[in-house]
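Participant:
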Amino acid sequence: TELPADADPNDWTAHYDLGVSLLRRDPVSALELFRRASRIDPSRAEPLHGQWVAYWMSRSPDEFVFWNVGAGRMSPSEDVRIQDSIYALALQRNPFVHRGAEAILLDWVPRRMLMDRDSRAWMAYNTGNFAEAVRLHSIDLRRNPRDAVRLVDRAAARVMQRDLSGALADLEAALAVVQGEENRARQVTFYQSKHAMLQMIGLVRLQQGNLAGARTALADAMVEDAGFAYGQAWLGNISRAAGDVATAVQEYEFALVLAPSDPVIRLWYAEALFAAGRDDEAVLEGERVAAAAPEWAAPHLTVGRAHERRGRRDEALMSFAAFLERSARSDPEAPAVRARFAARD
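Going by my numbering, the final residue of the sequence shown carries number 330, and the count climbs one at a time with no gaps.
#1: Let me know the secondary structure DSSP gives residue 47 once reduced to three states.
#2: Just mark residue 128 as buried or exposed, buried being the case when its beta carbon has 16 or more other beta carbons within 10 Å.
#3: Who are the near neighbours of residue 267 in its chain, counting only those whose CB is closer than 7 Å to its CB and skipping five residues on each side?
#4: For the alpha helix (DSSP H) that contains residue 244, what are its first and last residues?
#5: For residue 163 versus residue 133, is the C-beta spacing smaller than 7 Å?
#6: Secondary structure at residue 194, three-state DSSP: helix, strand or coil?
#7: Is there contact here, the region 17 to 33 with the region 63 to 70, by at least three beta-carbon pairs under 8 Å?
#8: Given that a residue counts as buried once 16 or more other Cβ atoms are within 10 Å of its Cβ, and exposed if not, what is residue 155?
#9: Note down the Cα distance separating residue 329 from residue 310, rounded to an integer number of angstroms.
#10: Tell me the rounded alpha-carbon separation between residue -13 and residue 21.
#11: Apart from the five residues on each side of it in sequence, which residues of its chain come closer than 7 Å, Cβ to Cβ, to residue 251?
#12: The alpha helix (DSSP H) with residue 125 in it runs from where to where?
#13: Kindly list the residues whose CB is nearer than 6 Å to the CB of residue 301, restricted to its own chain and excluding five residues on each side of it in sequence; keep chain order.
#14: Would you mind sorting residue 171 into buried or exposed? The rule is 16 or more other CB atoms within 10 Å of its CB.
#15: Measuring CB to CB, does residue 221 end up less than 7 Å from residue 236?
#16: Pop quiz: residue 280 and residue 24 are said to be a contact at Cβ under 8 Å. What is the actual Cβ separation, rounded to whole angstroms?
#17: So, for residue 249: in the same chain, excluding its five sequence neighbours on each side, which residues have a beta-carbon less than 6 Å away from its beta-carbon?
#18: Rounded to whole angstroms, what is the Cα-Cα separation between residue 197 and residue 261?
#19: For residue 194 and residue 203, which I take to be in contact (beta-carbon distance under 8 Å), what is that distance rounded to the nearest angstrom?
#20: If you draw a straight line from the alpha carbon of residue 159 to that of residue 73, how long is it in whole angstroms?
#21: Between the Cα of residue 245 and those of 40, 161, 214, spot the shortest distance and give me the residue it belongs to.
#22: How big is the Cα-Cα spacing for residue -5 and residue 88?
#23: In angstroms, rounded to a whole number, what distance separates the CA positions of residue -11 and residue 3?
#24: Would you kindly work out how many angstroms separate the C-alpha atoms of residue 45 and residue 8, rounded to a whole number?
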């Protein structure tokens, strides 16, 4: 499927937006566009979520409901497990990702078939009407204040409204509910798990500037699930925000033990190595990311900067050229890189 003539082929949003526009009539083409958007910028959660939506819309409403809110949830097929892992990865990269494509999915599924959450509130959230989503979730929470799923949903809407204090209160209440029901037999999704809630709490505290509180929440998430690679990686991000680059490097190294093939975490690691002055290692790790994600511009920028600082002019210019070849027109780093080329003689 071709982009409009005026679209930027290096901008993940161009592919994502076209995919969203095609979901209803051609979900197979939409799926490929979402995959392309993910290749252009693997760090973005929206295309991953779009892939999950497009996959299900290429099936049937009956099949979606069976696997996601029906009996199939207890014994998913291999295909469904793959889709679940894509959905979970999107939430790990950004648990507050705006899931606009899901509004189309919910509209596609007959309302009578949706049993697990108030589809009106979820539709309001996914169409950007966050105040209405909060209002509708609040009505239900007055009836059942211990509904952890709805507390998390309301917290996500409040984050979008920049009501961080309200979001944090909802997330802490949801966590308390789940902690009080640890022996329940009911299966939970990633979104409802304790380590995911703790990650969300940590990221809200980080937005509030509470680095110590953010670190505590993410450390607790790792206690809940020692294999949670993004929890460990976010500890690295918190250390970088606090100016402790040496600790950040170590935390990214731990995260990569858990997820050695994740290009986003490896790029964060390369950037931390560069910040620590370990330029040759930053080049090595950045080149590993570039090889794993050949359409992504970002790793070439880190590699170029590391070469440049070591005085390797030709190698730096080659990396900067690779960055410009892949970068979107709107990339804020591109003008400075172009200026390097203008001054190279």
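Here a beta-carbon is modelled for each residue, glycine too, at the ideal position from N, C-alpha and C.
Facilitator: Judging by the given coordinates:
#1: helix
#2: exposed
#3: 255, 258, 259, 287, 291
#4: Note, residue 244: premise wrong, no alpha helix (DSSP H); not H, not E.
#5: yes
#6: coil
#7: no
#8: buried
#9: 18 Å
#10: Cα-Cα distance, rounded: 12 Å.
#11: 241, 270, 273, 274
#12: 115 to 128
#13: Listed in chain order, the non-local C-beta contacts of residue 301 below 6 Å within the same chain comprise 289, 292, 293, local neighbours out to five positions each way being set aside.
#14: Note that residue 171 scores a pLDDT of 48, beneath 50, so its modelled location is shaky; the value from the coordinates is reported in the next line. Under this definition residue 171 is an exposed residue.
#15: Between residue 221 and residue 236, the CB-CB gap stays under 7 Å.
#16: Confirmed, Cβ separation roughly 5 Å.
#17: 27, 28
#18: Rounded to the nearest whole angstrom, the C-alpha separation of residue 197 and residue 261 is 22 Å.
#19: Wrong, their Cβ atoms sit about 15 Å apart, outside the cutoff.
#20: Each residue's CA atom was taken as its position, placing residue 159 and residue 73 some 19 Å apart.
#21: 214
#22: 26 Å
#23: 9 Å
#24: 13 Å
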